[in-house]
Amino acid sequence: MASPSMSFKRSDSIAESMPEALRQSRYHMKRCFSRYVSKGKRIMKNQELMAELEKSMDDKSEKDRLMEGFLGYIICCTQEAVVLPPIVAFAVRPHPGIWEYVKVHSEDLTVEAITPSEYLRSKEIIYDEQWAKDEHALEVDFGAFDLATPHLTLPSSIGNGTQFICRFLSSKLNETPESMKPLLDYLLALDRCGEKLMINNTLDTVNKLQTALLVAEVFVSGIHKNTPFQKFEQRFQEWGLEKGWGDTAERVKESLHCLSEVLQAPDPVNMEKFFSRVPTIFNIVIFSPHGYFGQADVLGLPDTGGQVVYILDQVKAFEEELLLRIKQQGLNVPPQILVVTRLIPEARGTKCNQELEPILDTKHSYILRVPFKRDHGVLQQWVSRFDIYPYLERYAQDAAAKILDHLQGKPDLIIGNYTDGNLVASLVATKLGVTQGTIAHALEKTKYEDSDVKWKELDGKYHFSCQFTADMISMNTTDFIITSTFQEIAGTKDKPGQYESHYAFTLPGLCRFVSGINVFDPKFNIASPGADQSLYFPYTQKQKRLTSFHPAIEELLYSKVDNDEHIGHLADKNKPIIFSMARLDRIKNLTGLVEWYGKNKRLRDLVNLVVVGGFFDPAKSKDREEINEIKKMHALIEKYQLTGQIRWIKAQTDRARNGEIYRCIADTKGAFIQPALYEAFGLTVIEAMNCGLPTFATNKGGPAEIIVDGVSGFHIDPYNGEESSNKIADFFEKCREDSTYWTMVSTAGLQRIYECYTWKIYATRVLNMGSVYGFWRQLNKDEKQAKQRYIQLLYNLQFRNLAKTVLLVSDQAQEPAPPK
Ligand code: UDP
Ligand code: LCN
C-alpha cells in the first residue's frame with residue numbers, strides 16, 4: 001500500500017497532479033477504468049476500487065509500482081466513487097477532515113475538479129435521477145455563513161477548539177486600541193441576580209480598568225496572602241472593582257494580574273486562564289429527553305445506556321468543579337444543575353413518572369421531568385428515540401417554562417445530549433439567548449451504512465430524515481460541540497469520523513447538504529468522559545471490594561437453574577470467563593460474540609462465556625431491534641449447542657453490583673469483550689479497564705482510541721469473527737504459558753485510564769468551554785444571527801414537515817405501519 005507521505009503535497013490538488021500520474025500508467029489505467037465502468041451506474045466503495053485496480057494488472061512488478069505510486073495512493077484514499085459511464089467521480093480523503101472531489105473520463109482519462117455539490121448530484125443520479133437533475137432541488141450550504149469564522153487548518157489541531165479560539169481572540173483583541181472594548185463590555189455585563197460582578201459601571205474605558213487593576217494589584221501585594229476578600233471588598237468598590245476576583249488576597253492578585261496581562265498583550269494561555277476564572281457559570285441545564293432517565297432500575301432498557309451513566313457522572317463532576325470555582329471566586333452562591341428529561345407516566349417500576357428527583361451524591365442537582373404533550377393530553381408510554389420527533393417542539397416550550405420557574409431565571413449554559421436533546425437544547429438556548437454545547441454520544445448516520453442515500457428505505461422504521469435534519473440544525477446552532485474522542489470528529493487515517501461524515505452528504509429527493517458541518521470549525525472540543533471510580537475500581541483493592549454482593553454474584557454466574565434473571569449454566573467453574581454487557585441492540589453485536597464463540601472450538605475449550613443484556617422473552621420487549629436480537633440469541637445457543645458453556649443474564653441495572661461483577665470476572669482471570677459493529681465511545685470498556693479486567697474491544701469507533709492494541713488491551717474486528725475469536729483464544733493460551741501476562745495487560749489498562757480518562761479533567765475542560773464560547777458568541781454575534789435565520793428556515797420549512805410524517809404513538813395502534 002502506498003504511503004500517504006509520498007510525492008503528494010498539500011499544495012498540489014489531486015485534480016492538478018492526477019493527469020500526469022494517469023499519463024504515466026496510461027495503458028493500465030485505461031484497463032482499470034474500463035473495469036470500473038463495465039458494470040454500469042453504481043457506487044463503488046474503497047475496497048472494491050482497490051480490488052478492481054489490482055485485477056486490471058497481470059504483471060506483479062507493474063502492480064507494485066502502481067500501488068506504490070501516486071495513483072495507488074489516490075485510490076487508497078478514495079472513500080467511494082460514483083460510476084456514471086463514461087465518468088467516474090471520486091471522493092478522495094487524503095487526510096482526516098480533508099476531502100477533494102474529481103471526475104475522470106474513463107476513455108480519455110481527462111480529470112476535472114468538482115465541487116461537493118457536483119459530486120453529490122452525481123451520487124443522487126443513482127438513487128433519484130429526476131431529483132438529482134432538478135436545478136432547484138433543496139441544497140443547504142452552512143459554510144456560506146462561515147466567512148468571518150476562523151478555521152483550523154491542521155488535521156492534528158482538530159478537537160482543540162478552545163485553545164484555537166483563545167489564540168484567535170488574543171490576536172483580535174490586540175488589533176487596535178479599540179479592540180479591547182468588547183472584553184470590557186463583556187465584563188461590565190457580568191452580574192448574578194442583579195448584583196454586579198468583577199467591575200462596575202465606573203470602569204467604562206479600558207484605560208480606567210487597567211489603572212484600577214494596577215492600583216488593586218499593588219494593594220493586595222501588600223497584605224497577607226490569606227486575607228479574605230471581604231476584608232478589602234469596600235476598598236475594591238471604591239476603585240470600581242466588585243466581587244468575583246477571588247476568595248483570598250493571593251487568588252485576587254493572580255486574577256488581577258492575569259487580566260492586566262491580557263489587556264496589555266493578550267496571549268492564549270492567559271486568555272484561557274482568565275476565562276476559567278470569570279464567574280459566568282452558576283446554573284447549568286442538561287437536556288436528555290429520550291429513554292428512561294433515572295438513577296435506578298433503568299440501565300439496559302431500550303435506549304437507556306451510557307448516555308444516562310455519562311450524564312449522572314458528569315453532573316457530579318460539574319457540581320464539584322462549580323463549587324470549587326465559586327468558592328475560589330469568593331462568592332457565596334450555590335450552583336444549580338438541572339437534568340431535564342421526559343416524564344413517562346407508565347414508568348414500569350422506575351421513578352420516571354416523578355417530576356423532580358434530587359441527584360444522589362450531589363447537593364444542588366436535580367432531574368426535572370417534563371411530559372410529552374399532544375393536543376389530546378400527556379403521552380403515557382415510553383417512545384423509541386427514532387419516533388420521538390413530533391413531540392419535541394412542544395416539549396421544548398414546556399421545558400423552557402419549567403426551567404425558568406425552577407431556576408427563577410435563565411441558566412448560564414445549556415447542554416444537549418443526542419439528536420433529540422440537542423435539538424431541544426438549540427430551541428431553548430436560541431429562545432433564551434444562552435450559550436449552548438452539544439454532545440452526540442453517537443451519530444446515527446455512521447452507524448447504519450449508506451443511511452443517508454438510502455433514507456427512503458429506512459425512514460419508515462428509523463425516521464432518519466428527521467434525525468439527520470435535526471442533527472444539522474443543532475450542530476450549526478450550537479456554540480461548541482463536546483466529543484469523547486478525536487475519532488468521533490475526524491476518524492482515523494482510513495475511516496472518516498462521525499462528524500466528518502456530515503460535511504457533504506445527501507438525502508436524495510429531500511435535501512442536499514453541500515456543507516453540513518466542517519470538522520475544522522473551532523467549535524469542536526474533545527473532552528473524554530471517565531468512569532465513576534468509587535464504583536469501578538481495581539479487583540486488587542481487596543479492602544474496598546463489595547463482598548456483600550458475592551453470594552448474589554456467585555448465584556448469578558454459576559447456579560444451575562434457569563430463572564427470570566439468567567439462563568444457561570457454566571459446567572466447568574475453573575475456566576476463566578469472557579464477559580460482555582450491553583443493551584441488546586443489533587449494533588452492540590452480543591449475538592455476534594455468541595456466534596464467534598460457538599464456532600471457535602479452541603476458545604470454547606479455554607473459557608466460559610457470560611453475556612448480560614436484554615430480556616429472554618421477546619414478548620417483554622417493545623423495541624424492534626431488541627426483539628430480533630432476543631430471538632437470534634436463543635437460536636444461536638441452540639444451533640451451537642452452547643449449554644454448559646454460556647450464561648445469558650438479563651440486563652443489569654445496579655451499577656454498584658455491576659462494578660463488582662467486572663471484578664469477579666477479573667478474579668477468574670477472564671476478560672471483557674466489547675464486540676460492537678460500531679461503538680461511538682464505549683463506557684463499558686473504561687469500566688472494565690478501571691476494574692483491571694483485560695479488555696478486547698471493537699476497532700470500529702472510540703475503543704480503538706481508548707485502547708492501545710496489544711498494550712493496554714486489544715482491538716478486535718467485529719466483521720472478522722474468526723480472527724477476533726482467535727485473538728482472544730491466543731491471549732488465553734499465552735496466559736496459560738506465562739502467568740504474568742494477564743497481570744501485565746491488566747496493569748497497562750489501568751495506567752491508560754488514569755492518564756487519560758477522568759471526570760475531573762472533563763469538568764475543567766467543559767466549564768472553560770462554557771466561558772470562552774460565551775464570550776466568543778458575543779464577539780461573533782452578527783454572523784451567528786445570520787446563520788440562525790437560515791437555520792430557522794430549515795427548521796420551519798423542512799424539519800416540522802418531516803416530524804409530521806412520524807406517526808404519533810397514540811395513533812400507531814390504530815393505523816397500519818408506515819411503508820418500509
Ligand atoms: N449497562 C448496565 N446494564 C446493562 C447494560 C449496560 O448497567 O445491562 C451500563 C454499562 O455498565 C454502561 C452503560 O450501561 O455504563 C452502557 O454504556 P456504553 O457507552 O457502553 O453503551 P451505550 O449503551 O451508551 O451505547
Ligand atoms: C452512547 C454510546 O453509543 C456510547 O458509545 C457512549 O459511550 C455513550 O453514549 C456515552 O457517551
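Take the sequence shown: its letters are residues 1 to 820, numbered as in the UniProt record's numbering. For every residue, glycine included, the Cβ atom is placed at its ideal position computed from N, Cα and C.
Item	Value
Our contact map puts residue 412 next to residue 318 with C-beta atoms below 8 Å; I'd like the distance itself, whole angstroms only.	Not really, about 12 Å apart at Cβ, beyond 8 Å.
Are the CB atoms of residue 266 and residue 122 within a distance shorter than 7 Å?	no
Confirm, please, whether the CB-CB distance from residue 575 to residue 608 is below 7 Å.	yes
Tell me whether residue 130 is buried or exposed, calling it buried when 16 or more other Cβ atoms sit within 10 Å of its Cβ.	exposed
Tell me which same chain residues have a C-beta within less than 6 Å of the C-beta of residue 308, skipping the five on either side of it?	293
Between which residues of its own chain and residue 540 is the CB-CB distance below 7 Å, once the five residues before and five after are set aside?	692
Starting from residue 111 and walking both ways along the beta strand (DSSP E), at which residues does that stretch end?	111 to 114
Taking three-plus beta-carbon pairs below 8 Å as touching, is the region 183 to 202 in contact with the region 792 to 810?	no
Can you find at least 3 beta carbon pairs, one from the region 773 to 787 and one from the region 335 to 343, that sit closer than 8 Å?	no
Return the residue from the list 473, 158 and 565 that minimises the CA-CA distance to residue 520.	158
Could you tell me the boundaries of the alpha helix (DSSP H) in which residue 475 lies?	464 to 477
Is the beta carbon of residue 527 sitting closer than 7 Å to the one on residue 762?	yes
Determine the burial state of residue 746: buried for a count of at least 16 other Cβ atoms within 10 Å of its Cβ, exposed for fewer.	buried
How big is the Cα-Cα spacing for residue 168 and residue 514?	27 Å
For residue 431, which residues of its own chain have a beta-carbon under 7 Å away from its beta-carbon, when the five flanking residues on both sides are left out?	400
Apply the 10 Å Cβ neighbour rule to residue 518 and answer buried if 16 or more other Cβ atoms are within range, or exposed otherwise.	buried
Of the residues 674, 721 and 724, which one's Cα is nearest the Cα of residue 701?	674
Can you name, in chain order, every residue of its own chain whose Cβ lies under 6 Å from the Cβ of residue 836, other than the five neighbours on each side?	An answer regarding residue 836 cannot be provided, because it is not within the stretch 1 to 820 covered by the chain.
For residue 750, collect the residues of the same chain with a Cβ closer than 8 Å to its Cβ; drop the 5 residues on either side in sequence, then sort them by chain order.	538, 689, 690 and 692
Looking at residue 97 and residue 821, is the spacing between their C-beta atoms short of 7 Å?	The question about residue 821 has no answer here: the residues shown for the chain are numbered 1 through 820.
Measuring from the CB of residue 83, is there a heavy atom of the ligand COA at a distance below 6 Å?	Questions concerning the ligand COA fall outside what the structure shown contains, since the ligands it does hold are the ligand UDP and the ligand LCN.
How big is the Cα-Cα spacing for residue 461 and residue 455?	10 Å
Any heavy atom of the ligand UDP closer than 6 Å to the beta-carbon of residue 240?	no
Is the closest heavy atom of the ligand UDP to the C-beta of residue 329 under 6 Å?	no
Since residue 89 sits in a beta bridge, which residues does DSSP pair it with?	82 and 103
Could you compute how far the alpha carbon of residue 44 sits from the alpha carbon of residue 125?	14 Å
Counting C-beta neighbours from all protein chains within 10 Å, is the total for residue 205 16 or more, i.e. buried, or is it exposed?	exposed
Locate the beta strand (DSSP E) running through residue 232, then write down its first and last residues.	Neither: residue 232 is in no beta strand (DSSP E) and is coded neither H nor E.
Say yes only if the C-beta of residue 314 is nearer than 6 Å to one or more non-hydrogen atoms of the ligand LCN, and no if none qualify.	no
From the DSSP output, in three-state form, read off residue 731 for me.	helix
Check the DSSP bridge columns for residue 18 and list the partner residues they point to.	DSSP lists no partner for residue 18.
Roughly how far, in whole angstroms, is the beta-carbon of residue 152 from the beta-carbon of residue 164, given that I think they are within contact range, below 8 Å?	6 Å
Bridge partners for residue 77 per DSSP, in chain order?	None, per the DSSP bridge assignment.
According to the Cβ coordinates, are residue 717 and residue 723 closer than 7 Å?	yes
Got a sec, what are the start and stop residues for the beta strand (DSSP E) residue 434 sits in?	Here residue 434 belongs to no beta strand (DSSP E), and DSSP marks it neither H nor E.
From residue 84 to residue 105, what distance separates their C-alpha atoms?	10 Å
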